[in-house]
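Colleague:
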Ligand code: PHE
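Next comes the structure, spelled out in C-alpha cells:
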C-alpha cells in the first residue's frame, strides 16, 4: 500500500521513539503486535490530548482507563492474558490524531483503540480505525457523526441531541428562561452540533434563541460577540465549548456586566475550569455524564478506587475512560477471537453493562443511551443538581 512504505512498517519501535508519542506502561511485547498469535499480552491503543488547551481531557481519560486495566489484569486479565495499553498524545490536533491512530493500527497492531474525547479528533482517528477494520470505542465523543463513520466505531456516552435537550430543559424549566443567546466554537463539530440541538429543544419548550454568536478556539477577545449578546437582552447564555475558552468567556462576560446564568455541556468538565474562570464561573451550570456525589454503588466504588490511586476526585472523563476500557474488556471476553469483525460484533452486543456513568447498552447505531446530570459550579467545583433520563 502506497500510503505506508514497507520501510516504515518494518521499524515500528524506532518510529515510536522518534515521534512525539508517549508510551504508557510499556511491557516487553509492546509494539510487537498484541493482536497476533503467540503474544502473551493483548495490546490496546489509546489516543488523547495529553498536552494542549484540552490536556485535562486526555489526562483524566488516561487515568480512568489505567485504573480499569489494572483492576481487569489483577482479576486475571482476558482469557489469561494481560491487557497492555499503548498511549499516544495527539496534543488536541486533528492531523496528529490521524497520524497516531495510523501508527497504533499499522505498526503497534493493537486489537482495538480507545479515544478520542474531542469529537473532531474522534472523527479523524475513527476514519483510520474504520479503514483498517480495527474497532474503536470513544469514551466521550458526543457528536452524532462520530459513530456514523462506520461499523467499527462505538461510544459509551450519550449523544448531543440528548445533551442539548437536557440543557434546554434545564434552562426553560429550572431557570425559567424564555430568551437565550448562544456563543459557540465554529471550528468544532461538537460545539456547532450542540448549538443546533439546544436551539431545537429550547424552541420546543416555547423559548427563543435570540442571537447566536461564533468564536474560534483559542480566541482571546470576545468583546464584539458579548456586546451583541448584551444588547439582545436574554435570560440565559448557552456556551457549548471547551473549558479553556469557556473560562475566558465567563471572565469577559461578567466584566461586561452580563449577569444572567450561563449553561454549558460536558466540554466544561475540567478542574481547570474554575482555575481559569475563577469567580466568574460560579453559579453556572453544565450537563455531564456523572457526578462524583451520586448515590449509586458503581459511583461510590469508582470514586473511592480513583481517589485512593490518584489523590483527586475523578471527573466525567475519568469515569467514561474507565467505562470504555471495561466495556471493551467485557466484549473481548465474550468474543470468539480478537479479530476486528468478531470484536466489533461483541462490542455491539453489549447489554446493560453496569457502568459508572450509567447502564450501557450499545444500540443499532453503536451509541449508548444513558441519563445525564446537571451540575452547578459552586466553591470552585461542580455539584450535583439534577439527573435527566432519556425520554423524560
Ligand atoms: N463531548 C465532547 C465532544 O464530543 C468531549 C467531552 C466529553 C469533553 C466529556 C468533556 C467531557 O467533543
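Numbering (the numbering used here), first residue to last: 143 to 534.
Quick reminder that beta carbons are idealized off the backbone N, C-alpha and C, glycines included.
Please state if the CB of residue 354 and the CB of residue 384 are separated by a distance shorter than 9 Å.
Modeller: Looking up residue 384 in the chain shown gives position 242. Looking up residue 354 in the chain shown gives position 212. Not closer than 9 Å, so no.
Colleague: Our contact map puts residue 393 next to residue 351 with C-beta atoms below 8 Å; I'd like the distance itself, whole angstroms only.
Modeller: Counting from 1 along the chain shown, the entry for residue 393 is found at position 251. Counting from 1 along the chain shown, the entry for residue 351 is found at position 209. About 24 Å separates the two Cβ atoms, so there is no contact after all.
Colleague: Please report the distance separating the alpha-carbon of residue 501 from that of residue 495.
Modeller: Here residue 501 corresponds to residue number 359 of the chain shown, with the count starting at 1. Here residue 495 corresponds to residue number 353 of the chain shown, with the count starting at 1. Taking the straight line from one Cα to the other gives about 5 Å.
Colleague: For the segment 282-346, list the beta strand (DSSP E) runs that are entirely contained and at least 3 residues long, ordered along the chain.
Modeller: Counting only runs of 3 or more, we get 295-297 and 321-327.
Colleague: Exposed or buried, what is residue 386 when buried is set at 16 or more other beta-carbons lying within 10 Å of its beta-carbon?
Modeller: Residue 386 sits at position 244 when you count from the first residue of the chain shown. By the neighbour-count rule (16 or more Cβ atoms within 10 Å), residue 386 is buried.
Colleague: Please tell me whether, using a cut-off of 8 Å, the distance from the CB of residue 264 to the nearest non-hydrogen atom of the ligand PHE is below it.
Modeller: Here residue 264 is taken as the residue at index 122 of the chain shown, counted from 1. Yes - the ligand PHE has a heavy atom lying nearer than 8 Å to the Cβ of residue 264.
Colleague: In the DSSP assignment, the beta strand (DSSP E) including residue 215 goes from what residue to what residue?
Modeller: Looking up residue 215 in the chain shown gives position 73. Unbroken run through residue 215 is the alpha helix (DSSP H), 197-216; no beta strand (DSSP E).
Colleague: Output the distance between the C-alpha atoms of residue 472 and residue 226, rounded to the nearest integer angstrom.
Modeller: For the purposes of this step, residue 472 is taken as the residue at position 330 of the chain shown. For the purposes of this step, residue 226 is taken as the residue at position 84 of the chain shown. Distance between the alpha carbons of residue 472 and residue 226 is about 15 Å.
Colleague: Within 10 angstroms of its Cβ, does residue 163 collect 16 or more other Cβ (buried), or is it exposed?
Modeller: Stepping through the chain shown from its first residue, residue 163 is reached at position 21. With a pLDDT of only 36 at residue 163, under 50, the local geometry of the prediction cannot be trusted, and no value is derived from it.
Colleague: Tell me residue 278's beta-bridge partners as DSSP assigns them.
Modeller: Reading the chain shown from its first residue, position 136 is the one you call residue 278. Per DSSP, 255 and 295.
Colleague: Once you ignore the five residues that flank residue 83 on each side, which residues in its own chain have a CB closer than 7 Å to its CB?
Modeller: Nothing about residue 83 can be read from this structure; the chain reaches only from 143 to 534.
Colleague: Please state the DSSP three-state secondary structure of residue 88.
Modeller: In the structure as shown, the chain starts at 143 and stops at 534, and residue 88 therefore has no counterpart that could be examined.
Colleague: Do residue 261 and residue 278 count as a contact pair if the criterion is CB distance below 9 Å?
Modeller: The residue you call residue 278 lines up with position 136 of the chain shown. The residue you call residue 261 lines up with position 119 of the chain shown. Going by C-beta atoms, residue 278 is not nearer than 9 Å to residue 261.
Colleague: Given residue 422, which residues of its chain have a CB within under 6 Å of its CB, disregarding the five upstream and five downstream residues?
Modeller: Mapped onto the chain shown, residue 422 falls at position 280. So the qualifying residues of the chain are 392, 393 and 396.
Colleague: Could you compute how far the alpha carbon of residue 300 sits from the alpha carbon of residue 274?
Modeller: Position 158 of the chain shown, counted from the start, is the residue given in the question as residue 300. Position 132 of the chain shown, counted from the start, is the residue given in the question as residue 274. Cα-Cα distance, rounded: 26 Å.
Colleague: Once you ignore the five residues that flank residue 215 on each side, which residues in its own chain have a CB closer than 8 Å to its CB?
Modeller: Sequence index remark: in the chain shown, residue 215 carries index 73 (1-based). Here the set comprises 224 and 225.
Colleague: Rounded to whole angstroms, how far is the Cβ of residue 530 from the Cβ of residue 235, which I believe are closer than 8 Å?
Modeller: Here residue 530 corresponds to residue number 388 of the chain shown, with the count starting at 1. Here residue 235 corresponds to residue number 93 of the chain shown, with the count starting at 1. 34 Å between Cβ atoms; not a contact.
Colleague: Please report how far the alpha carbon of residue 320 lies from the alpha carbon of residue 314, in whole angstroms.
Modeller: The residue given as residue 320 occupies position 178 in the chain shown. The residue given as residue 314 occupies position 172 in the chain shown. Rounded to the nearest angstrom, the two C-alpha atoms are 7 Å apart.
Colleague: Rounded to the nearest angstrom, what separates residue 271 and residue 338 at their Cα positions?
Modeller: Your numbering for residue 271 matches position 129 in the chain shown. Your numbering for residue 338 matches position 196 in the chain shown. Taking the straight line from one Cα to the other gives about 28 Å.
Colleague: Given a threshold of 16 other Cβ atoms within 10 Å of its Cβ, counted over all protein chains shown, does residue 249 qualify as buried or as exposed?
Modeller: Along the chain shown, one-based indexing puts residue 249 at 107. Buried, by the Cβ-count rule.
Colleague: Taking 6 Å as the limit, name every residue whose beta carbon sits nearer than that to some heavy atom of the ligand PHE, in sequence order.
Modeller: This criterion selects 199, 259, 260, 261, 282, 283, 284, 285, 332, 408, 409, 411, 458 and 459.
Colleague: Per DSSP, what kind of secondary structure is residue 398 in: helix, strand or coil?
Modeller: Working through the chain shown from its first residue, we reach residue 398 at position 256. In the structure shown, residue 398 sits in coil (DSSP, three-state: anything other than H, G, I, E or B).
Colleague: Given that a residue counts as buried once 16 or more other Cβ atoms are within 10 Å of its Cβ, and exposed if not, what is residue 362?
Modeller: Here residue 362 refers to the residue found at position 220 of the chain shown. Exposed: under 16 other Cβ atoms inside 10 Å.
Colleague: Given residue 334, which residues of its chain have a CB within under 7 Å of its CB, disregarding the five upstream and five downstream residues?
Modeller: Residue numbering aside, residue 334 sits at position 192 when the chain shown is read from its first letter. Closer than 7 Å at Cβ, skipping near neighbours: 326 and 328.
Colleague: Nearest-angstrom Cα distance between residue 524 and residue 413?
Modeller: As a first step, residue 524 is located in the chain shown; it is residue number 382 there, counting from the start. As a first step, residue 413 is located in the chain shown; it is residue number 271 there, counting from the start. Cα to Cα, the separation comes out at about 9 Å.
Colleague: Determine the extent of the alpha helix (DSSP H) in which residue 192 is found, giving its start and end residues.
Modeller: In the chain shown, counting from the first residue as 1, residue 192 sits at position 50. Run containing residue 192: none; DSSP gives neither H nor E here.
Colleague: List the whole-angstrom C-beta distance separating residue 113 from residue 359, where the pair is believed to meet the contact cut-off of C-beta under 8 Å.
Modeller: In the structure displayed, the chain extends from 143 to 534; residue 113 sits before or after that span and is not available.
Colleague: Is it buried or exposed for residue 438, if we count other Cβ within 10 angstroms and need 16 for buried?
Modeller: Within the chain shown, numbered from 1, the residue matching residue 438 stands at position 296. The residue in question, residue 438, is exposed, as its Cβ has fewer than 16 Cβ neighbours within 10 Å.
Colleague: By Cβ distance, which residues of its chain are closer than 6 Å to residue 369, with the 5 residues on each side in sequence left out?
Modeller: Taking the first residue of the chain shown as 1, we reach residue 369 at position 227. Cβ within range, chain order: n/a, list empty.
Colleague: When every heavy atom of the ligand NAP is checked, does at least one fall within less than 8 Å of the C-beta of residue 375?
Modeller: Ligands displayed in this structure: the ligand PHE; the ligand NAP is not among them.
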